[in-house]
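Encoded as structure tokens, the structure appears first; notes follow it.
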Amino acid sequence: MVPRQPRPEGGVGAFRRMVPLPMALAKRAGLANVCCPTNHNPNLNPEPCMTDAPYTPPSVWTWDKENGGKFASINRPIAGPTHDKELPVGKHPLQLYSLATPNGQKVTILLEELLARGHKEAEYDAWLIKIGDGDQFSSGFVGVNPNSKIPALLDRSVTPPLRVFESGSILLYLAEKFGEFIPKDLAGRTECLNWLFWQMGSAPYLGGGFGHFYAYAPEKWEYPINRFAMEVKRQMDVLDRRLAETEYLAGAEYSIADIAVWPWYGGLVNGVLYGDSATFLDVASYKNVQRWTKQIGARPAVKRGRIVNRISGEPSSQLHERHDAGDFDTKTQDKLEAAKS
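This is the structure:
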């Protein structure tokens, strides 16, 4: 038997190892000419094998509204509002419009940490933005964040009210506004920002890359899953090596760097992101990240902040909106459901 030659990264060799595509999906993905499996499934591609021609991009790309998997309805190639609707405004200086995704959790965790340190001016109203329903495309939301992504913050303690969007920008704004969770010295501040910007640049590979192809794409394809799994494991090793040297990412003190990274990579360690990805990526082997994840997760402000604007999971871990500190005791979904019964 002639030994099988190793396949190069990418190319049609990678596509041959994919789960067979339904014909309609294959055509949309430009893979209709990829060789079919020999044991044809009548529910899959019934056509005979044709050529090994790779996908050739058209000269001008056009939008296929049906493409995109689970979140196709919230992805589009244009910006701007789709409908007129003003945002609600509460009584507190800070108005947050968000959802408890990892990016949303960053901001509510920081706000709860600021309140825990006695900053009454950090009181906030957290309004739920249901991205699956397209709330982020309302005229009011686009006015606060023209990028139509959560979280978005409106600071009404200044005149005129100041909008802040992009989660990293919000963390930096609040840390500087209140003088907390960011080192005062130049070297410490720079190291903190190193890791803050590391997270902003790295998480898209975890979420939009690995998470999409592993958990949300219409089919599971080996090439993109392998590519992004390799990158996420490299990132975990970066964190593990750093946390072998120091207690927190920026050094000896807890900072917005930890607050930015924890919802993403701590969420991965805790098994709350992308199905069984924690097992698939063997996150238990990153002992220093495990230690750090547990340490951050034990903070009372983190426990509170991570459930604000959450609409999935155990009812006790869902606080759809937060307008007062007492809401954690009386308005989680388990309490609301019990009151109705």
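What the sequence shown shows, in this note's numbering, is residues 4 to 344, in sequence order.
Ideal placement from N, C-alpha and C gives every residue a C-beta, glycine not left out.
Per the DSSP calculation, residue i is bridged to which residue(s)?
i: Ser101; result: Leu131
i: Ala155; result: Tyr100, Phe168
i: Arg325; result: Ala129
i: Gly254; result: Tyr251
i: Val311; result: Leu322
i: His86; result: Ser141
Thinking just about the alpha-carbon of each residue, which of the options is nearest to the one in residue i?
i: Leu199; options: Phe213, Lys109, Arg79; result: Lys109
i: Val247; options: Gly204, Val286, Val292; result: Checking the displayed sequence, the identity of residue 247 turns out to be Ala instead of Val. Nearest of Gly204, Val286, Val292 to Ala247, Cα basis: Val292.
i: Val311; options: Ser160, Tyr289, Arg294, Lys334; result: Lys334
i: Gly191; options: Gly211, Ala260, Val286, Pro266; result: Ala260
i: Trp295; options: Tyr277, Trp267, Pro318, Arg120; result: Trp267
i: Ile81; options: Glu89, Lys68, Leu90; result: Lys68
i: Asn106; options: Gln321, Pro303, Glu324, Ala263; result: Ala263
i: Arg309; options: Gly278, Pro60, Thr104; result: Thr104
i: Pro227; options: Ile314, His215, Lys236; result: His215
i: Phe168; options: Pro84, Gly146, Gly269; result: Gly146
i: Ala341; options: Pro318, Ile153, Gly210; result: Pro318
I'd like the span of the alpha helix (DSSP H) that includes residue i, first residue to last.
i: Trp198; result: 189-207
i: Ser142; result: 142-147
i: Trp295; result: 290-300
i: Arg79; result: Note, Arg79: premise wrong, no alpha helix (DSSP H); not H, not E.
i: Ala341; result: 336-343
i: Val92; result: No alpha helix (DSSP H) holds Val92; DSSP gives it neither H nor E.
i: Phe216; result: Counting along the chain, Phe216 falls outside any alpha helix (DSSP H), and DSSP gives it neither H nor E.
i: Ile259; result: 259-264
i: Asp332; result: 330-333
i: Ala287; result: Per DSSP, Ala287 belongs to no alpha helix (DSSP H) and is neither H nor E.
Considering only residues of the same chain and omitting the five flanking positions on each side of residue i, which have a CB-CB separation below 7 Å?
i: Glu194; result: Ala253, Gly254
i: Asp87; result: Ser142
i: Gly329; result: none
Could you pull out every residue in the same chain whose Cβ sits closer than 6 Å to the Cβ of residue i, ignoring the five residues on either side in sequence?
i: Lys30; result: In this prediction, Lys30 scores a pLDDT of 43, lower than 50, which makes its location untrustworthy; the coordinate-derived value is nonetheless stated afterwards. Here the set comprises nothing.
i: Pro45; result: Confidence at Pro45 is low in this model, with a pLDDT of 36, below 50, so the placement of that residue is unreliable and no value is reported for it.
i: Tyr289; result: Met239, Asp243
### Task
Answer yes if the stretch 232-239 comes into contact with the stretch 296-316, meaning at least three C-beta pairs across the two stretches below 8 Å, and no otherwise.
Segments in contact, no.
### Task
Give a yes or no on contact between the stretch 202-210 and the stretch 129-143, applying the rule of three or more CB pairs nearer than 8 Å.
Output reads no: the stretch 129-143 does not touch the stretch 202-210.
### Query
Does the count of Cβ pairs from the stretch 121-129 and the stretch 269-284 closer than 8 Å reach three?
Not touching, per the Cβ criterion.
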